[in-house]
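Chemist: There's a structure below that I have some questions on.
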Amino acid sequence: MGKGRLLYEESTVTCLDSCIPGLILRWSFCHTVSEGSCSGGNVQPGDGACCDRSGYYDPAIAKSWTISADRKTYLFTLRDAYWTNGTPVTAYDFEYAWKRALSPEIASEYAYQLYYVYGGEAFNKSIKVGSKYYVQAVDAKGNPLTKKEGDKDVPVPDLKKEIDPSKNIGVRALNAKTLKVYLQSPTVYFLNLTAFPTLMPVCKAVVSKNDKWASDVKTYVTNGPFRLTEWSHNEKMVFVKNPTYWDKDKVKLTKITYYMVEDESTALAMFQSGQLDAAANVPVSELPKLVASGDAQILPYLGTYYYLVNVTKKPFNDVRVRKALLLAINRVGITQAITQGGEVPALAYVPYGIADAVPGSDFRKASQESFYKDNDITTAKALLAAAGYPNGKGFPAFTLLYNTSNAHKSIAEAIQQMWKKNLGITCTLKSEEWGVYMDDRQHLNYSVARAGWIGDYMDPNTFLDMWVTGGGNNDTGWSNKSYDALIAKAKATTDPKARMAALHAAEKILMTDMPILPIYYYTNPVLLSKGIKNFYQSTLGFVDWKNAYMG
Amino acid sequence: MLKFILRRVLSMILVVLIVASATFFMMRLLPSGPFAREKKLPPEIIKNLEARYHLDDPLWKQYVDYMKNLLRGDLGPSFKYKNRTVNNIINDGFPVSAALGLVAVLLAVAIGIPLGIWGALKQNGWQDSLVMFVALLGVSVPNFIMAVLLMFIFALGLHVVPAAGWGSFKQVILPAFTLAGYPIAFLARLVRSSMLEVLRQEYITTARAKGLSERLVIFRHALRNILIPVVTVLGPLIAAVFTGSFVVEKIFAIPGLGRYYVTSINDRDYTTILGVTIFYSALLVFMNFLVDLTYAWLDPRIRYVERKVS
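Sequences listed follow chains A and B, in order.
To get this note's numbering, take the position in the first sequence, counting from 1, and add 26.
To get this note's numbering, take the position in the second sequence, counting from 1, and add 157.
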């Protein structure tokens, strides 16, 4: 293949519209096969307000911005940039895109990424009557009101409380080049979120006239370094350098072809026979060899692999039992002998790679790097004995649940052995198909279950706010009032130091109560031909080909 | 004949409708739904999504609506592949799977039938043992092992074909042989045993006694009679192979229809589950219908008309 052309592999792409239920490229490129917890690569067909490059903000369409003292009002000044159809990218495009993503009838899966914007959540929850939106009515007790229509429960709108998207949402184009954003509450990582696909602008002139704009390459108008010229579903996507891109002089690749290859071993075979230059997934068994030969690179990835414990169930309601399980795991053994992808044993929950309050510092290292020792069998045994199960005597047999995958199975088998050998307790392994596993997790129909979390943005909050009481992703039954209060405090605090202090304190509570057993911090191995230079993949898993070239 | 066809077509439609109904209700018994994610979506967003796809309607209404649309040929929007309909998915995937399937079936017929005949004619000879060995291999080696073996030898080792992908004829060869592996073996065994049986028939002895050449005996008299079992299995085989294989399409990165039989269930993509199931069952009953029609042509004793009793 010629210079400047690149062949890349990804698993599946489901949708290109940045706010229609699915997503723009990057998230639809989920590692569905291997992991389940989403976050994949992207080619940034759209350029948002700014791009985050691990810690510092790289201006994109916005050339500058000011933030008010209360950190709630943002004023973005846009540069001269153009859509692929030649029309300028304006603040109106941003305003339109955000409101479109929030409108309830569009039903965007990632609308919650815009809940930070004032009025965003209320609008997304509103009820549409005719062309107007209303707040759902409540009964005397404050419960949302519904009525029966046939066999269907329909929410009742409160016709006195209209939500007017042109007035009641905190995003407005003051003119073509100025975008004003007003937030619900100070959100320190808001700039980081502007690089998220849902917050990228769409070309209002095109999208407002054609609901299906993203399903056809001809109407798929974008503003990024590359433009899509061909899309054969489940086969390939072809991107070429975008001549209307504002920073086109920096773009060196002329063409990128994405092949949708679901099987990692197939991707490797294609890479080895020269059909691919790079691939997003690498078969674990081949990884050490490929790293040694320089064909694979292990990149950091902002995520933690852990086990959930159902704290509502005996004997797991005893923190000593949970700790005993935690300490009797040999993480170094698991990462070196099983996963082999350079994963780091997790001795805390929030992974490395997130900046703390002081610039250049790392949240993980700033306060307490580890909360326990790996493979601490003596303490584990003592704790289990204190809980009334000396040497595991009388400990009820339980099941360890994971979603069907060979990788999860190998790890579960190893941990099963460790618990048996170190603590004398027996668990049986239970593998479930994805949907069944999620259902059992959600309904606390398990004892111990495998889980993983990949950050949405570069802030500890993306890992910590999920464990609040009743949190949608808190599948443990765990609840701690002080923890909830600290997370609420962090959300309301604008002072970076006080905010981080609250988040550190929250993590400490989580690591004291141990509703979860961290195992390792993820990494992101990629196959990369030695000829590719300047490849960039963020720790959130977003691939950026803008500056890459074939050497 | 017309009456027979009419009756068969009606019963075919009925079968497909029963399959559609059974699938509709069975898939809704599966735990979880199309919007379950490891990162759970907020309940209000799930509500918006359910409203968009009318999943908040009572089940009977969803069923009636689906059936109405089905009769108009509309299989609905996919929940997973946003902006695409199930009709789109089948329109895109089926031609690819069918093209690959056609090559595989041709290979199976061109290799399996002669192998079977050869084995039967040389019964108990080394040729027969070889045929039976090949057949055993073809039946017992799973296609994912076959796929990887072929890829390893011919793409990575000999570099004669690309490892995977779709678009050129060279990329058809390995997946077609993988797909044809089992049918070749199956046909070879079937033809061999049918042939052995036919060769024992009296009319063959008669033909030989008449002094006909062995070639004429085999090709004119025996072959036609072994075609009936072959056609019987070819019908469902074509339906199965033309609609794609999950394993083969995954390993060779082929954008066919096969993947959806598995992925749509994992994704709880209700409309896609129904769409591909209905499509496959329709094709299957249609192929069986064709098989029945072919019988009449192959075997003069089979006639689909009521004879007038004079």
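C-beta atoms are modelled at their ideal positions from N, C-alpha and C, and glycine is treated no differently.
Thinking C-alpha only, which one of B:Leu447, B:Met352, B:Ser438 and B:Ala342 is nearest Ile375 (chain B)?
Modeler: B:Met352
Chemist: Buried or exposed for Ser311 (chain A), going by 16 or more other Cβ atoms inside 10 Å?
Modeler: exposed
Chemist: Could you give the first and the last residue of the continuous alpha helix (DSSP H) run that contains Val405 (chain B)?
Modeler: Phe403 to Ile408
Chemist: Answer with yes or no whether the minimum CB distance from Lys197 (chain B) to chain D is below 8 angstroms.
Modeler: This model lacks chain D altogether, as its protein chains are A and B.
Chemist: If you scan the segment 149-188 of chain A from start to end, which runs of the beta strand (DSSP E) of 3 or more residues do you find wholly inside it?
Modeler: 153-155, 158-162, 172-175 and 178-181
Chemist: Would you check if there are 3 or more beta carbon pairs closer than 8 angstroms linking the segment 344-363 of chain A to the segment 294-308 of chain A?
Modeler: no
Chemist: Give the straight-line distance between the Cα atoms of Ile132 (chain A) and Gln210 (chain A), rounded to the nearest whole angstrom.
Modeler: Looking at the two C-alpha atoms, the distance is approximately 22 angstroms.
Chemist: Considering Cα atoms alone, identify which of B:Val448, B:Leu441, B:Leu455 and B:Pro188 is closest to Ile170 (chain B).
Modeler: B:Leu441
Chemist: Does the contact criterion of 3 or more C-beta pairs under 8 angstroms hold for the segment 506-520 of chain A versus the segment 484-498 of chain A?
Modeler: Put simply, the segment 506-520 of chain A touches the segment 484-498 of chain A. At least three CB pairs are less than 8 angstroms apart.
Chemist: Would you mind working out which of A:Tyr160, A:Ala107, A:Lys515 and A:Val552 sits nearest Thr270 (chain A), comparing C-alpha positions?
Modeler: A:Ala107
Chemist: Taking only three categories from DSSP, how would you classify Leu254 (chain A)?
Modeler: strand
Chemist: In this structure, how does DSSP classify Phe236 (chain B) when only helix, strand and coil are distinguished?
Modeler: coil
Chemist: Within the same chain, show all residues whose beta-carbon is closer than 8 angstroms to that of Leu373 (chain A), passing over the 5 residues directly before and after it, in chain order.
Modeler: Counting only Cβ-Cβ distances below 8 angstroms, and skipping sequence neighbours, we find Arg357, Glu395, Ser396, Phe397, Tyr398, Lys399, Asp400 and Pro544.
Chemist: What are the boundary residues of the alpha helix (DSSP H) that includes Pro252 (chain B)?
Modeler: Val243 to Leu264
Chemist: Taking one C-beta from the segment 155-168 of chain A and one from the segment 87-99 of chain A each time, how about it: are there three or more such pairs within less than 8 angstroms?
Modeler: Too few Cβ pairs lie closer than 8 angstroms, so no.
Chemist: What in chain A is Cβ-close to Ile202 (chain B), meaning under 8 angstroms?
Modeler: Ala133, Ser134, Glu135, Ala137, Tyr138 and Asn150
Chemist: So, at 8 angstroms on beta carbons, what are the nonlocal neighbours of Gly557 (chain A) in its own chain, with the 5 sequence-adjacent residues on each side left out?
Modeler: Asp303, Met576 and Gly577
Chemist: Can you list, in chain order, the residues of the segment 231-262 of chain B whose Cβ is nearer than 9 angstroms to any Cβ on chain A?
Modeler: Ser235, Phe236, Lys237, Tyr238, Lys239, Asn240, Arg241, Asn245, Ile246, Asp249, Gly250 and Val253
Chemist: When DSSP labels each residue in this structure, what does Trp323 (chain B) get in the three-state scheme?
Modeler: coil
Chemist: Only counting the same chain, and skipping five residues up and downstream in sequence, which positions put a Cβ closer than 6 angstroms to that of Glu256 (chain A)?
Modeler: Val264
Chemist: Exposed or buried, which one is Asp570 (chain A) when buried takes at least 16 other CB atoms within 10 Å?
Modeler: Label assigned to Asp570 (chain A): buried.
Chemist: Please name the residue in A:Ile364, A:Gly478 and A:Pro183 whose C-alpha comes closest to that of Asn578 (chain A).
Modeler: Absent from the model: residue 578 (chain A). The displayed extent of chain A is 27 to 577, so no value can be given.
Chemist: One question on the structure: do Gln357 (chain B) and Gly273 (chain B) come within less than 8 angstroms of each other, judged by their Cβ atoms?
Modeler: As written in the sequence, residue 357 (chain B) is Arg, which differs from the Gln given in the question. Result no, Cβ atoms of Arg357 (chain B) and Gly273 (chain B) do not sit closer than 8 angstroms.
Chemist: Using only the alpha-carbon positions, how far apart do Ala396 (chain B) and Ala438 (chain A) sit?
Modeler: Pairing Ala396 (chain B) with Ala438 (chain A), the inter-Cα distance amounts to about 40 angstroms.
Chemist: Can you tell me whether Glu458 (chain A) is helix, strand or coil according to DSSP?
Modeler: strand
Chemist: Along the segment 214-242 of chain A, what residues have a CB closer than 8 angstroms to any CB found in chain B?
Modeler: Lys238, Ala240 and Ser241
Chemist: Taking the runs of the alpha helix (DSSP H) that are 4 residues or longer, which of them lie wholly in the segment 285-326 of chain B?
Modeler: 300-307
Chemist: Assign Phe326 (chain B) to buried or exposed, taking buried as 16 or more other Cβ atoms, counted over all protein chains shown, within 10 Å of its Cβ.
Modeler: exposed
Chemist: Is Asn268 (chain A) near Met286 (chain A), with beta carbons less than 8 angstroms apart?
Modeler: No; because the gap between Cβ atoms is not below 8 angstroms, this pair is not in contact.
Chemist: Can you give me the C-alpha to C-alpha distance between Ile268 (chain B) and Ile341 (chain B), rounded to a whole angstrom?
Modeler: Each residue's CA atom was taken as its position, placing Ile268 (chain B) and Ile341 (chain B) some 6 angstroms apart.
Chemist: Taking 8 angstroms as the threshold, find out whether the segment 456-468 of chain A comes into contact with the segment 424-433 of chain A through three or more Cβ pairs.
Modeler: yes
Chemist: Could you check how far apart the C-beta atoms of Met226 (chain A) and Ala123 (chain A) are, in whole angstroms? I think they sit under 8 angstroms.
Modeler: 7 angstroms
Chemist: Determine, using beta carbons only, whether Leu414 (chain B) and Thr400 (chain B) come nearer to each other than 8 angstroms.
Modeler: yes
Chemist: Tell me which residues of the segment 317-347 of chain B have at least one Cβ-Cβ distance to chain A shorter than 7 angstroms, keeping chain order.
Modeler: Pro319, Ala320, Ala321, Gly322 and Trp323
Chemist: Taking C-beta pairs closer than 8 angstroms, name the residues in chain A that Phe409 (chain B) reaches, listed in chain order.
Modeler: Simply Thr292.
Chemist: Taking 8 angstroms as the CB-CB limit, is Leu187 (chain B) close to chain A?
Modeler: yes
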